[in-house]
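Enquirer:
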Amino acid sequence: MVTTENATSSVERWVQEIQGITQPDQVVWLHGGAEEYSRLMEQALKDGVFQKLNEETFPNCYLHRSHANDVARAEHLTFICSRTEDQAGPTNNWWDPKEAREKVGGLFKGCMKGRTLYVIPYLMGVEGSSFSQVGVELSDSIYVAISMTIMTRVGDVALKHLETTGTFVKGLHSTGELDPERRYILHFPEDREIWSFGSGYGGNALLGKKCHSLRIASAQARDEGWMAEHMLILGLQRPGAEEITYIAAAFPSACGKTNLAMMKSPLEKLGYKVWTVGDDIAWLRIGEDGRLWAVNPEAGTFGVAPGTSFESNPNAMAMTNHDSLHTNVAVSPSGEPWWEGIGHDAPEGLIDWHGNVWDGKAPAAHPNSRFTCPIATCPSLSPEYNNPQGVPISAILFGGRRAKLAPLVYQTYGWDHGVFVGASMGSEMTAAAAGQVGATRRDPMAMLPFCGYHVGDYLSHWIEVGKRASSPPLVFNVNWFRKGDDGKFLWPGYGDNVRVLKWIAERVEGTADAEETPIGYVPKADALYLDGLNLDPETLKQLLSVNSDAWKAELEGIDTFFAKIGDRLPKALLEEREKLAKRLG
Ligand code: SAT
Ligand code: MN
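Written out as structure tokens, the structure reads:
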């Protein structure tokens with residue numbers, strides 16, 4: 001057991017060391033709490049980092065505009081600096097840790113002259129839970145200090161937790177000059193350390209999120225037998241059911257993860273309600289009962305603004321109306337945020353995300369503009385969110401955008417088949433992303449940019465967990481994006497996805513009807529509750545159809561991707577591939 005003094009003094013020693021290297025004008029420790037938040041925000045307003053939004057209609061809301069070259073994660077500048085290259089695997093950029101430290105270490109020398117160094121102790125996970133982890137981020141960005149205060153449990157609560165664990169993840173961050181030529185996001189998994197230089201953007205700079213909770217944590221989880229996943233967690237309450245059914249789901253970006261996690265069910269009057277546990281990250285462990293138990297390590301939501309409306313996500317809209325940060329959205333002359341797809345026309349005199357009067361040509365809000373809100377303000381927040389044990393997961397969902405291929409939902413034939421489906425999952429690219437429109441980008445478990453070690457070993461770890469868990473979740477695939485010949489979506493999506501969740505919960509319980517197909521169990525037409533939807537039988541048939549020829553072509557795409565993973569791909573997945581080929585005939 002490490003004493004308080006020891007634990008905190010190890011942080012202090014590190015802060016002094018970094019202070020010596022980066023040479024800030026002053027050092028400010030964050031302790032957490034509302035008063036500190038107000039003080040930081042006052043400073044940020046003075047510095048021009050934030051602007052106040054309309055206090056009457058958007059109380060305690062602020063606008064931040066980032067540098068135009070610094071609006072998204074920089075995957076090509078993100079490195080896994082494991083001791084050997086093969087530990088990083090074929091899907092990560094690798095950099096020799098010694099070389100990386102030399103090169104990027106040089107950039108940190110004196111980089112905080114004239115700036116304030118914020119010491120941000122943070123806790124990922126529930127206070128008092130043995131599954132939680134402490135990190136300390138040292139950053140020269142007040143935007144980061146404020147955002148971390150929303151996204152994590154910041155301050156004394158983290159230092160207190162450190163008393164019991166004694167170890168913390170070290171995260172060093174400087175915005176540098178925001179020069180894309182001098183921008184690096186480095187992970188040292190063996191040292192549980194992160195260095196980020198030259199960016200102030202969320203995923204690059206809020207080091208508790210993707211860097212710690214996924215890249216570093218996934219490598220640690222492999223060593224310790226648990227899982228750090230890019231997953232939402234929700235609970236489905238059903239009439240007559242004694243227990244809530246908890247579901248974890250992984251989708252690539254732009255597939256509606258936040259919307260599903262916070263969904264407002266149109267069947268609420270019938271007793272079907274969705275509770276939000278998390279919208280982005282899940283840490284999962286095998287419990288004594290042999291089930292997988294999940295916690296959301298975060299304390300806030302960092303959601304994509306465009307497309308969020310009272311129709312697509314009323315709960316998120318309610319959160320963005322107060323106590324929130326808005327980054328790179330457009331703003332009306334009266335200080336109200338606006339973005340494409342918000343559900344009402346752009347107001348007269350709209351100011352775009354660059355700060356200019358909008359010319360109506362390019363998007364007014366950046367396509368990756370974001371809202372940052374405390375999860376405590378989520379109207380559908382689960383009472384179990386703060387449970388130190390987490391929630392027991394009954395079903396895992398994978399999915400993506402597949403216009404023609406995948407049915408609305410299917411259940412896999414078991415854990416290994418489920419891992420195969422997750423490993424080969426992909427999404428067809430929309431015009432918003434760089435790359436060929438319509439081409440399928442493979443993204444195993446939606447972890448492609450977030451897995452901190454070799455993807456083949458990662459998939460083996462999944463297979464292992466299934467072996468060790470006596471009651472692993474059932475695994476499903478969903479596709480809200482299937483289109484008809486006219487190019488129109490066949491399924492309404494959003495809140496109506498609760499109808500699919502209902503079928504999934506009934507499969508878990510063993511009461512819903514399904515048909516065996518080559519790819520898995522697909523709902524029988526009358527097994528889905530469709531009252532009030534006006535879905536004609538022909539559309540439903542298309543939604544649930546499995547075309548063997550299309551799946552044979554898919555198999556080729558999967559083979560190409562698996563070949564890239566190489567000989568560290570677990571054999572179980574090759575066996576699943578063979579079984580699928582055989583079922584397809
Ligand atoms: O871009 S971030 O990693 O900050 C957010 C996300 O993609 O979920
Ligand atoms: Mn994410």
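Here our numbering is used: the first residue of the sequence shown is 1, the next is one more, and so on.
Each residue gets a CB set at the ideal place from its N, CA and C atoms; glycine is no exception.
Within the same chain, show all residues whose beta-carbon is closer than 7 Å to that of TRP415, passing over the 5 residues directly before and after it, in chain order.
Expert: Working through the sequence shown from its first residue, we reach residue 415 at position 415. Same-chain partners within the cutoff: GLY466, PRO472, VAL475.
Enquirer: Nearest to SER147 by alpha carbon, out of SER324, PHE420, THR430?
Expert: Residue numbering aside, residue 147 sits at position 147 when the sequence shown is read from its first letter. Nearest option by C-alpha distance: SER324.
Enquirer: Measure the Cβ-Cβ separation of THR91 and CYS451 and say whether it is below 9 Å.
Expert: Residue numbering aside, residue 91 sits at position 91 when the sequence shown is read from its first letter. Residue numbering aside, residue 451 sits at position 451 when the sequence shown is read from its first letter. Yes, the Cβ-Cβ distance between THR91 and CYS451 is below 9 Å.
Enquirer: Just to confirm, does HIS212 get its C-beta within under 8 Å of one of the non-hydrogen atoms of ligand 2?
Expert: As a working mapping, residue 212 is identified with position 212 in the sequence shown. It does not: the Cβ of HIS212 is nowhere closer than 8 Å to a heavy atom of ligand 2.
Enquirer: Evaluate ALA330 with the Cβ neighbour count: other Cβ atoms within 10 Å of its Cβ, from every protein chain shown; 16 or more gives buried, anything less gives exposed.
Expert: By one-based count along the sequence shown, residue 330 stands at place 330. That one is buried.
Enquirer: Note the first and the last residue of the continuous beta strand (DSSP E) segment covering ILE396.
Expert: On the sequence shown, residue 396 is found 396 positions in, with the first residue counted as 1. Its beta strand (DSSP E) spans residues 391 to 399.
Enquirer: Is VAL409 closer than 9 Å to TRP293 when the C-beta atoms are compared?
Expert: Locating residue 293 in the sequence shown gives position 293, where the first residue counts as 1. Locating residue 409 in the sequence shown gives position 409, where the first residue counts as 1. Contact flag unset, no.
Enquirer: For TRP275, name the three-state secondary structure that DSSP assigns.
Expert: In the sequence shown, residue 275 corresponds to position 275, counting from 1. Here TRP275 sits in strand by DSSP.
Enquirer: At a threshold of 8 Å, does LEU206 count as lining ligand 1 (C-beta to nearest heavy atom)?
Expert: Taking the sequence shown and counting its residues from 1, one reaches residue 206 at position 206. True, at least one ligand heavy atom lies under 8 Å from that Cβ.
Enquirer: Please confirm whether any heavy atom of ligand 1 lies closer than 8 Å to the CB of GLY343.
Expert: By one-based count along the sequence shown, residue 343 stands at place 343. The answer is no for GLY343.
Enquirer: Is the Cβ-Cβ distance between HIS161 and SER139 less than 9 Å?
Expert: Counting from one through the sequence shown, the residue named residue 161 turns up at place 161. Counting from one through the sequence shown, the residue named residue 139 turns up at place 139. Against a cut-off of 9 Å, the Cβ pair of SER139 and HIS161 comes out as no contact.
Enquirer: Whole angstroms are fine: how far does the CA of LEU40 sit from the CA of THR586?
Expert: The question about residue 586 has no answer, for the chain in this structure spans 1 to 585.
Enquirer: Does ligand 1 have a heavy atom nearer than 8 Å to the CB of ALA72?
Expert: Locating residue 72 in the sequence shown gives position 72, counting from the first residue. At least one heavy atom of ligand 1 is nearer than 8 Å to the Cβ of ALA72, so yes.
Enquirer: Which partner residues of MET227 appear in the DSSP bridge assignment?
Expert: Residue numbering aside, residue 227 sits at position 227 when the sequence shown is read from its first letter. For MET227, which the question treats as bridged, DSSP gives the partners LEU284.
Enquirer: Sort ASP549, VAL134, THR327, GLN389 by Cα distance to ILE216 and report the nearest one.
Expert: Here residue 216 corresponds to residue number 216 of the sequence shown, with the count starting at 1. Nearest option by C-alpha distance: VAL134.
Enquirer: Residues in its own chain within less than 7 Å of LEU270 by CB, not counting five upstream and five downstream?
Expert: Counting from 1 along the sequence shown, the entry for residue 270 is found at position 270. Cβ neighbours of LEU270 beyond the five flanking positions: PRO239.
Enquirer: Taking 8 Å as the cut-off, is the C-beta of GLY399 nearer than that to any heavy atom in ligand 1?
Expert: Residue mapping note: residue 399 aligns to position 399 of the sequence shown, counting from 1. No; taking the cut-off as 8 Å, the Cβ of GLY399 has no heavy atom of ligand 1 nearer than that.
Enquirer: Pull up the distance between the alpha-carbon of TRP14 and that of ARG192, whole angstroms please.
Expert: By 1-based counting over the sequence shown, the position of residue 14 is 14. By 1-based counting over the sequence shown, the position of residue 192 is 192. If I take the Cα positions, the gap works out to 14 Å.
Enquirer: Determine the DSSP secondary structure at GLU242, reduced to helix, strand or coil.
Expert: As a working mapping, residue 242 is identified with position 242 in the sequence shown. Three-state result, GLU242: coil.
Enquirer: Taking contact to mean at least 3 C-beta pairs separated by less than 8 Å, is the segment 497 to 516 in contact with the segment 377 to 388?
Expert: They do not touch, by the three-pair rule.
Enquirer: Is any heavy atom of ligand 2 found at a distance shorter than 8 Å from the C-beta of ASP352?
Expert: Indexing the sequence shown from 1 puts residue 352 at position 352. No, Cβ of ASP352 sits at least 8 Å from all heavy atoms of ligand 2.
Enquirer: What's the C-alpha gap between PRO589 and SER470?
Expert: The structure shown does not extend to residue 589, since the chain is modelled only from 1 through 585, so no value can be given for it.
Enquirer: Quick check on DSSP: helix, strand or coil for GLU137?
Expert: Mapped onto the sequence shown, residue 137 falls at position 137. Strand at GLU137.
Enquirer: Would you kindly work out how many angstroms separate the C-alpha atoms of SER332 and GLU17, rounded to a whole number?
Expert: On the sequence shown, position 332 is the one that residue 332 refers to. On the sequence shown, position 17 is the one that residue 17 refers to. The straight-line gap from Cα to Cα measures roughly 45 Å.
Enquirer: I'd like to know whether the C-beta atoms of GLY399 and ASN296 end up nearer to each other than 9 Å.
Expert: Taking the first residue of the sequence shown as position 1, residue 399 is located at position 399. Taking the first residue of the sequence shown as position 1, residue 296 is located at position 296. Taking 9 Å as the Cβ cut-off, GLY399 and ASN296 do not qualify as a contacting pair.
Enquirer: Tell me which same chain residues have a C-beta within less than 7 Å of the C-beta of HIS31, skipping the five on either side of it?
Expert: As a first step, residue 31 must be located in the sequence shown, where it is residue number 31. Here the set comprises GLY155, ASP156.
Enquirer: Pick out every residue whose C-beta is nearer than 6 Å to a heavy atom of ligand 3: which are they, in chain order?
Expert: With respect to ligand 3, the structure offers nothing, as its ligand set consists of ligand 1 and ligand 2.
Enquirer: Taking the alpha carbon of ALA219 as the reference point, which residue from ASP457, LEU533, THR57 has its own alpha carbon closest?
Expert: One-based indexing of the sequence shown puts residue 219 at position 219. Nearest option by C-alpha distance: ASP457.
Enquirer: PRO24: buried (16+ other C-beta within 10 angstroms of its C-beta) or exposed?
Expert: In the sequence shown, the residue the question calls residue 24 occupies position 24. Counting Cβ neighbours within 10 Å, PRO24 comes out buried, since at least 16 surround it.
Enquirer: Can you tell which of ALA249, PHE310, LEU573, ASP526 has its C-alpha closest to the C-alpha of ILE281?
Expert: Counted from its first residue, the sequence shown places residue 281 at position 281. Cα-wise, what sits closest to ILE281 is ALA249.
Enquirer: Counting along the chain, where does the alpha helix (DSSP H) carrying ILE80 start and finish?
Expert: To locate residue 80, count along the sequence shown from 1; it is residue 80. Run containing ILE80: none in the alpha helix (DSSP H); it sits in the beta strand (DSSP E), 78 to 80.
Enquirer: Does VAL357 pass the burial test, meaning 16 or more other C-beta atoms within 10 Å, or should it be called exposed?
Expert: Start at 1 with the first residue of the sequence shown, and residue 357 comes out as number 357. By the 10 Å Cβ count, VAL357 comes out exposed.
Enquirer: Let me check you understand the geometry: is the CB of LYS579 closer than 8 Å to at least one non-hydrogen atom of ligand 1?
Expert: Locating residue 579 in the sequence shown gives position 579, counting from the first residue. No, Cβ of LYS579 sits at least 8 Å from all heavy atoms of ligand 1.
Enquirer: Within the same chain, show all residues whose beta-carbon is closer than 8 Å to that of THR3, passing over the 5 residues directly before and after it, in chain order.
Expert: Position 3 of the sequence shown, counting from 1, holds the residue named residue 3. With a pLDDT of 48 at THR3, under the threshold of 50, the predicted position of this residue should be treated as unreliable, though the coordinate-derived value follows. Cβ neighbours of THR3 beyond the five flanking positions: GLU163.
Enquirer: Is PRO121 closer than 9 Å to TRP195 when the C-beta atoms are compared?
Expert: Counting from 1 along the sequence shown, the entry for residue 195 is found at position 195. Counting from 1 along the sequence shown, the entry for residue 121 is found at position 121. No, the pair does not count as a contact, with Cβ atoms beyond the cut-off.
Enquirer: Quick check on the DSSP output: what are the complete alpha helix (DSSP H) runs of length 4 or more inside the segment 514 to 565, in order along the chain?
Expert: With a minimum length of 4 residues, the continuous alpha helix (DSSP H) runs that stay inside the segment 514 to 565 are 537 to 544, 548 to 565.
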